[in-house]
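Residue 31 in my numbering sits at position 51 of the sequence shown, and the numbers go up by one each step.
In this text, a Cβ means the ideal position worked out from N, Cα and C, and glycines have one as well.
Have a look at the structure below before the remarks.
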Amino acid sequence: MLGWINDCVEKLVLEKFGIDAWHIIKQKAGCEVADGCFLKLDHYTDKSTLDLVVAASEVSGLTVPQVLEAFGVFFVHYIRGEGYENLLCCQGSTLKDWMTNINAIHQHLQTTFPKKMVMPQFWCADSENGDGSLMLHYHSRRGNYLAPLAKGLVAEVASFQFQLDIDMELIQTQGVDGANFTT
């Protein structure tokens, strides 16, 4: 993963739990990167990032999915602060349009960070039950472990950008019972 993600994990831990917790997390994860020194454009192994998340779970008392979901919420604010607010805002005037265009954001970023990003794929559709709800589908070559991150990110975009308080229900999980994607 790009150092951008690890930098965001560090900032999240510092904001929510403080420097002492961050040092414990780094020690548990075997992270030897100095504080504030993740290189945003460098590649770090998925394992090193996941080790930080697992250690954050152990230190915070949250489950790994809860940590990832909180990370997704935090990531929205982080990327705004990194100068990508316009990119987020121009992806659609409704939540459905925005979710439909998540891949466009990733394609734009892929041109900036070629060969370094493994992007998930998203697609959005109206629910078949006719109640006005939407179905967001997620597929990643990494499997389903980052799906909670996507959930947190979408919920925060809905709240921050569209002033919507949404409920999300997990219908299927990629890799479970033969499912090819998470819905």
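Query                                                                                                                                                                          : Result
Assuming I4 and V39 form a contact by the criterion Cβ under 8 Å, report the distance between their Cβ atoms to the nearest whole angstrom.                                    : 5 Å
Go through the region 32 to 59 residue by residue and report every complete run of the alpha helix (DSSP H) that reaches 4 residues or more, in order.                         : 44 to 59
Applying the 10 Å Cβ sphere with the 16-neighbour rule, what's the burial state of S120?                                                                                       : buried
What are the uninterrupted segments assigned as alpha helix (DSSP H) that are 4 or more residues long and contained completely in the region 118 to 156, given in chain order? : 127 to 142
Are the region 46 to 59 and the region 119 to 134 in contact at 8 Å, needing three or more beta carbon pairs?                                                                  : yes
Excluding five sequence neighbours on each side, which residues of the same chain lie with their C-beta closer than 6 Å to the C-beta of Y58?                                  : C(-12)
Please check the pair L186 and C104, which I expect to be a contact at CB under 8 Å, by giving their CB distance rounded to whole angstroms.                                   : This structure cannot speak to residue 186, because the chain is shown only from -19 to 163.
In its own chain, which residues sit with a C-beta less than 7 Å from the C-beta of C145, not counting the 5 before and 5 after it?                                            : Cys is not the amino acid found at residue 145; the sequence shown has Asp there. Cβ neighbours of D145 beyond the five flanking positions: S139.
Tell whether a beta-carbon distance below 9 Å holds between G123 and G158.                                                                                                     : no
Which of the three DSSP states, helix, strand or coil, is assigned to M115?                                                                                                    : strand
Rounded to whole angstroms, what's the CA-CA distance from M240 to I(-1)? Just pull it up for me.                                                                              : No statement about residue 240 is possible, as the shown extent of the chain runs from -19 to 163 and does not include it.
Between W2 and V(-7), how many whole angstroms is the CB-CB distance? I'm expecting something under 8 Å.                                                                       : 5 Å
Are the beta-carbon atoms belonging to L21 and G(-17) less than 9 Å from one another?                                                                                          : yes
Quick check on the burial criterion: 16 or more other C-beta atoms within 10 angstroms. Buried or exposed for Q7?                                                              : exposed
How far does the beta strand (DSSP E) with Q101 in it reach, from first residue to last?                                                                                       : 101 to 106
If you draw a straight line from the alpha carbon of F(-3) to that of L133, how long is it in whole angstroms?                                                                 : 20 Å
Could you give the DSSP three-state label for L19: helix, strand or coil?                                                                                                      : coil
Is the Cβ-Cβ distance between N(-14) and S28 less than 9 Å?                                                                                                                    : yes
Pick helix, strand or coil for T162, following the three-state DSSP scheme.                                                                                                    : strand
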